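Going left to right, the sequence shown walks through residues 2 to 121 as the numbering used here numbers them. Built from N, CA and C at the ideal position, the CB exists for glycine as well. A quick note: this is a predicted structure, and the numbers were derived from the prediction, not measured. First up is the structure itself, then whatever we jot down about it.
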Amino acid sequence: MTRVANAPVFMKGVINLRGVIVPIADMRLKFELESAVCDDQTVVVVLNVAGRVVGIVVDGVSDVQTLTPEQIRPAPGFNSTVNTDYITGIGTIDDRMLILMDIEKLITSEEMALVETAIA
2 MTRVANAPVF MKGVINLRGV IVPIADMRLK FELESAVCDD QTVVVVLNVA
52 GRVVGIVVDG VSDVQTLTPE QIRPAPGFNS TVNTDYITGI GTIDDRMLIL
102 MDIEKLITSE EMALVETAIA
């Protein structure tokens, strides 16, 4: 992974994925948590965010699921100290509860513009 100067702090760097330059985001840093360790075992989920390919460092992926509308409930209200702008709802699969997030709200267009400028 190559570090990028002047990128947002949560952008770990960029990789070349089959000829495409992909910025890699560490959402732990975005949420002001301890950074994930990046090594050859690091799991990166590649997503399309606002028309741009982005990699997100995750702790792990246990499964990929498709939820039906019946399995999704509106996001509950939290106290005012928790920013819930990016939470779109709560999903349920059997006895598991999943927090559903809007990745395009997690990484703002301003942050993506900084990344685009930095890797140009």
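Open item on the list: Can you tell me where the beta strand (DSSP E) holding L101 begins and where it ends?
Closed with: If you number the sequence shown from 1, residue 101 lands on position 100. Start and end: R97 to M102.
- [ ] Identify whether I120 lies in helix, strand or coil by the three-state DSSP scheme.
- [x] Numbered from its first residue, the sequence shown carries residue 120 at position 119. DSSP, reduced to helix, strand and coil, places I120 within a helical segment of the structure shown.
TODO: For M12, write down the residues that DSSP places opposite it in a beta bridge.
DONE: Walking along the sequence shown from the start, residue 12 turns up at place 11. Paired residue(s): A26.
Open item on the list: If you measure between the beta carbons of T89 and M102, is that distance less than 8 angstroms?
Closed with: Walking along the sequence shown from the start, residue 89 turns up at place 88. Walking along the sequence shown from the start, residue 102 turns up at place 101. Contact flag set, yes.
- [ ] Measure the C-alpha to C-alpha separation of V38 and P77 and round it to an integer number of angstroms.
- [x] In the sequence shown, the residue the question calls residue 38 occupies position 37. In the sequence shown, the residue the question calls residue 77 occupies position 76. So the two alpha carbons sit approximately 32 angstroms from each other.
- [ ] Look at the alpha carbon of D86 and the alpha carbon of K106, and state the distance between them as a whole number of angstroms.
- [x] Numbered from 1 along the sequence shown, position 85 holds the residue referred to as residue 86. Numbered from 1 along the sequence shown, position 105 holds the residue referred to as residue 106. Cα to Cα, the separation comes out at about 7 angstroms.
Open item on the list: Using C-beta distances below 8 angstroms, list every residue in its chain close to G56, excluding the 5 sequence neighbours before and after it, in chain order.
Closed with: Here residue 56 is taken as the residue at index 55 of the sequence shown, counted from 1. If we look at G56 and ignore the five residues flanking it on each side, its Cβ neighbours are I16, L18, V23, P24, I25, A26, V45, V46, V47 and L48.
TODO: Would you mind stating whether R74 and I94 have Cβ atoms separated by less than 8 angstroms?
DONE: Translated into positions along the sequence shown, residue 74 becomes position 73. Translated into positions along the sequence shown, residue 94 becomes position 93. With respect to the 8 angstroms criterion, R74 and I94 are not classified as neighbours on the basis of their beta carbons.
TODO: Round the Cβ separation of V116 and M28 to the nearest angstrom and send it over; I've been treating them as touching at under 8 angstroms.
DONE: Taking the sequence shown and counting its residues from 1, one reaches residue 116 at position 115. Taking the sequence shown and counting its residues from 1, one reaches residue 28 at position 27. At roughly 14 angstroms, the Cβ-Cβ gap does not stay under 8 angstroms, so V116 and M28 are not in contact.
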